[in-house]
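**Q**
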């Protein structure tokens, strides 16, 4: 992971991040005494970059005003291999999957203080997903589901009447897509799997009693459209949209 930051002036600052994560897993499994042993290998490389720019111009009507925006990208190069084995010696190959999964996004948000005790943070993010899935055992490849531009607005309010107490409210939207093969339009499925759009609301109070005690009381709710559900025991690892869900706590 590499990071850098700087600023040309007191009102303008930037920071950048470049990272890479590598995950490798090799294991042998047997699910019953009558079943054959299997070797399962996973190799994933995730490389990403992010640039964020912050602008804090002096605005007499809005002290503490700030505008922040950025772009980021992540490139995944993943492999999933499986073999039937005897005492960890490979006999036949049952899976040879290779796929790319790319996410490109941009966001902007503002920090507004119309009152010394009140902070408003509106924001907006857009993501686009691309990639390709290749089944080398069958010699075929498939494109990623067409999720389109995924819009994610958000809005936060924080009211701090005194230093020790803050009441806040958050509303925002996020998304979920299929994992692995489920992100691609692989037959027999002929339609694009939709992205699950999650709307969340949170209301809470943060407090601090002296230096030793602090805490918060929160209620939250999340509703999702087209929830993505992974089909258990599906040999290709596919998923389906099961409809709307609701969570609260």
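Residue numbers (the numbering used here): 30 to 278. Heads up, the beta-carbon is just placed ideally off N, CA and C, and yes, glycines get one too.
Kindly say whether residue 34, judged by its beta-carbon, lies nearer than 9 Å to any beta-carbon of chain D.
**A** In summary, chain D is missing from the structure at hand, where a single protein chain is found.
**Q** Does DSSP put residue 212 in a helix, a strand or coil?
**A** In the structure shown, residue 212 sits in a helix (DSSP, three-state: H, G or I).
**Q** Buried or exposed: where does residue 47 fall if 16 or more other Cβ atoms within 10 Å of its Cβ makes it buried?
**A** So residue 47 ends up on the exposed side.
**Q** Is residue 92 near residue 142, with beta carbons less than 9 Å apart?
**A** A contact, by the Cβ cut-off of 9 Å.
**Q** For residue 211, is the classification buried or exposed, using 16 other Cβ atoms within 10 angstroms of its Cβ as the cut-off for buried?
**A** By the neighbour-count rule (16 or more Cβ atoms within 10 Å), residue 211 is buried.
**Q** Candidates 108, 200, 88: which alpha carbon is nearest residue 163's?
**A** The shortest C-alpha separation from residue 163 is found at 108.
**Q** Tell me which residue opens and which closes the beta strand (DSSP E) that residue 50 is part of.
**A** Segment 41-58, the beta strand (DSSP E) holding residue 50.
**Q** Can you have a look at residue 194 and say buried or exposed, based on whether 16 or more other CB atoms are within 10 angstroms of its CB?
**A** Residue 194 comes out exposed.
**Q** Which residues bound the beta strand (DSSP E) around residue 197?
**A** 194-205 is the span of the beta strand (DSSP E), which, as asked, contains residue 197.
**Q** Report the residue ranges of all beta strand (DSSP E) runs contained in full by the region 123-182; include only those spanning at least 3 residues, in chain order.
**A** DSSP runs (the beta strand (DSSP E)) wholly in the region 123-182: 147-164, 169-172.
**Q** How many angstroms separate the CA atom of residue 172 from the CA atom of residue 214?
**A** Cα-Cα distance, rounded: 6 Å.
**Q** Give me the Cβ distance between residue 114 and residue 67, rounded to the nearest whole Å; I'm assuming they're in contact under 8 Å.
**A** The pair is a contact, with the Cβ atoms about 6 Å apart (cut-off 8 Å).
**Q** Thinking C-alpha only, which one of 87, 112, 105 is nearest residue 65?
**A** Residue 112 is the option with its Cα nearest to residue 65.
**Q** Once you ignore the five residues that flank residue 226 on each side, which residues in its own chain have a CB closer than 6 Å to its CB?
**A** Once the five neighbours on either side are set aside, the close Cβ partners of residue 226 are 204, 254.
**Q** Considering Cα atoms alone, identify which of 127, 63, 44, 87 is closest to residue 71.
**A** Checked all of 127, 63, 44, 87; the closest Cα to residue 71 is 127.
**Q** Could you give the DSSP three-state label for residue 87: helix, strand or coil?
**A** In this structure, residue 87 counts as coil in the three-state DSSP scheme.
**Q** I need the straight-line Cα distance from residue 97 to residue 90, nearest angstrom please.
**A** Between residue 97 and residue 90, the C-alpha separation is close to 19 Å.
**Q** Between which two residues does the beta strand (DSSP E) harbouring residue 112 extend?
**A** Counting along the chain, the beta strand (DSSP E) containing residue 112 begins and ends at 95-115.
**Q** Would residue 155 and residue 176 qualify as a contact pair, given that the criterion is a beta-carbon distance under 9 Å?
**A** In this structure, residue 176 does not lie closer than 9 Å to residue 155 by Cβ.
**Q** Is residue 235 helix, strand or coil by DSSP?
**A** Strand at residue 235.
**Q** Take the Cβ of residue 271 as the centre, count every other Cβ of all protein chains shown within 10 Å, and call the residue buried at 16 or more, exposed below.
**A** Classification for residue 271: exposed.
**Q** Cutting at 6 Å between CB atoms, please list the residues of its own chain near residue 119, excluding the five before and the five after it.
**A** Closer than 6 Å at the Cβ level, and outside the excluded window around residue 119, lie 112.
**Q** Hey, how far is the Cα of residue 30 from the Cα of residue 256?
**A** Rounded to whole angstroms, residue 30 to residue 256 spans 33 Å at the Cα level.
**Q** Under 9 Å between the Cβ atoms of residue 55 and residue 106?
**A** No, they are not a contact pair.
**Q** Based on DSSP bridge pairs, tell me the residues matched to residue 219.
**A** The partner list for residue 219 (beta bridge, DSSP) is empty, contrary to what the question assumes.
**Q** Which residue marks the beginning of the beta strand (DSSP E) containing residue 64, and which one marks its end?
**A** Unbroken run through residue 64: none, as it is neither H nor E.
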